[in-house]
Amino acid sequence: MKRVAVVVFPGSNCDRDCIWAVQQAGGEAFPVWHESSDLSGADAVILPGGFSYGDFLRAGALAAHCEIMRAVKRFAMAGGVVVGICNGFQVLVESRMLPGALLTNLSTRFVWGSCWVRVERVDTAVTSFYSEGQVLAFDVAHAQGRFWAPSEEIARLEQDGWVAFRYCDEAGVAGGYNPNGSVAAIAGIANPEGNIVALMPHPERSVGPLMGSSDGIKFFRALLEAA
Amino acid sequence: MSGDAEKVTVVVRLKREVLDAEGQAILKVLRRLGYSAVKDVRVAKMFELVLELPQGEAKEVAEELASKILANPVMHDYQVMGGAS
Chain A
1 MKRVAVVVFP GSNCDRDCIW AVQQAGGEAF PVWHESSDLS GADAVILPGG
51 FSYGDFLRAG ALAAHCEIMR AVKRFAMAGG VVVGICNGFQ VLVESRMLPG
101 ALLTNLSTRF VWGSCWVRVE RVDTAVTSFY SEGQVLAFDV AHAQGRFWAP
151 SEEIARLEQD GWVAFRYCDE AGVAGGYNPN GSVAAIAGIA NPEGNIVALM
201 PHPERSVGPL MGSSDGIKFF RALLEAA
Chain B
1 MSGDAEKVTV VVRLKREVLD AEGQAILKVL RRLGYSAVKD VRVAKMFELV
51 LELPQGEAKE VAEELASKIL ANPVMHDYQV MGGAS
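Listed below in structure tokens is the structure:
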């Protein structure tokens, strides 16, 4: 059975949900403390949501420099699957493992509730079981989720296919509902190889009917398949 | 032999082209309070660093701290002030 390491930073709070979601998808998952120097032979890594280091300095900025991130970086550079969710996305951009930055929501408010994202790429570690253009119902819960990069960088990201998920409305119209004002309604990105993926919404909160949506189950099944 | 403790200040600002949502929120409140003269507000962060280093090294180290950790070069400009150059 594939084993997924879920990194726990001080202040992470979605680690247990991620572990549970991986189990729902048929895999094994275990927590790895941020001070660890290795990933205990994990087949894939998840950086979960939460408020690592209290979002001090910038969300994800301090976590990006902690011990376990050296191992995570090595793992990703060697082609290992690394998935960042919410705060995990923030950690990945602050670590420069993914481009861009995540700024304060345009509304300046912490936004929470349902959103829809459109799958823009099916060749990533977490989207292979979806179809291109498929609309997924996920939850958002963040104050700094506005994806941003200088306009030339955004043009490059779009052209080179880095956009993995885009906020949309229920009908799948891109930008129809953009919870945080992110540029081009970008909700999640992935490197061209597809092994480093991150998004602001929480797929782990959509893995069963009691959660209001099961759209996230395929996210974790794909992750286990790619691991 | 290390030098005396030196105070270096680092100011981190959002790049001009970034929409400062927090600054805009503050602007709205200032105008609602009647200060129509305020046309724009942008929020910056200031770090006060106390460095104990051999003479002349403080500014360079502060630059490194600024560019690697205190500021995020994707969205920030920064300025280092103080420290012997």
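In the order they appear, the protein sequences are chains A and B. Just so we're aligned, residue 1 is where the first sequence starts under our numbering, counting upward by one. Just so we're aligned, residue 1 is where the second sequence starts under our numbering, counting upward by one. No residue lacks a Cβ here, since even glycine has one placed at the ideal position from N, Cα and C. Keep in mind it's a predicted model, so treat the numbers as computed, not measured.
- Interface flag for W162/A against chain B is unset, since no Cβ pair is found closer than 8 Å.
- Within the same chain, Cβ atoms closer than 8 Å to the Cβ of K15/B are found at M75, H76, D77, the five residues on either side in sequence being excluded.
- The beta-carbon separation of R166/A and A185/A, rounded to 5 Å, stays under the 8 Å limit for a contact.
- Close partners of V18/B in chain A (Cβ separation under 8 Å): L103, W148.
- The beta-carbon separation of F89/A and D215/A, rounded to 18 Å, does not stay under the 8 Å limit for a contact.
- From the beta-carbon of R58/A, the residues of chain B found nearer than 7 Å are N72.
- Between the stretch 81-101 of chain A and the stretch 144-162 of chain A there are three or more C-beta pairs closer than 8 Å, enough to call the two in contact.
- Looking at F51/A, C86/A, V45/A, E94/A, the one whose alpha-carbon comes closest to that of A64/A is E94/A.
- Shown here, E48/B sits in a strand according to DSSP, grouped into three states.
- Less than 8 Å divides the Cβ of G82/B from the Cβ of K7/B.
- Listed along the chain, the chain A residues whose CB falls inside 7 Å of the CB of E63/B amount to none; the nearest CB is some 17 Å away.
- Taking the Cα positions, V122/A is about 11 Å away from F219/A.
- Membership of M69/A in the alpha helix (DSSP H) is indicated by the continuous run 68-77.
- When 8 Å is used as the limit between beta carbons, L106/A is near these residues of chain B: L19, A21, in chain order.
- Annotated three-state conformation of Y53/A is helix, per DSSP.
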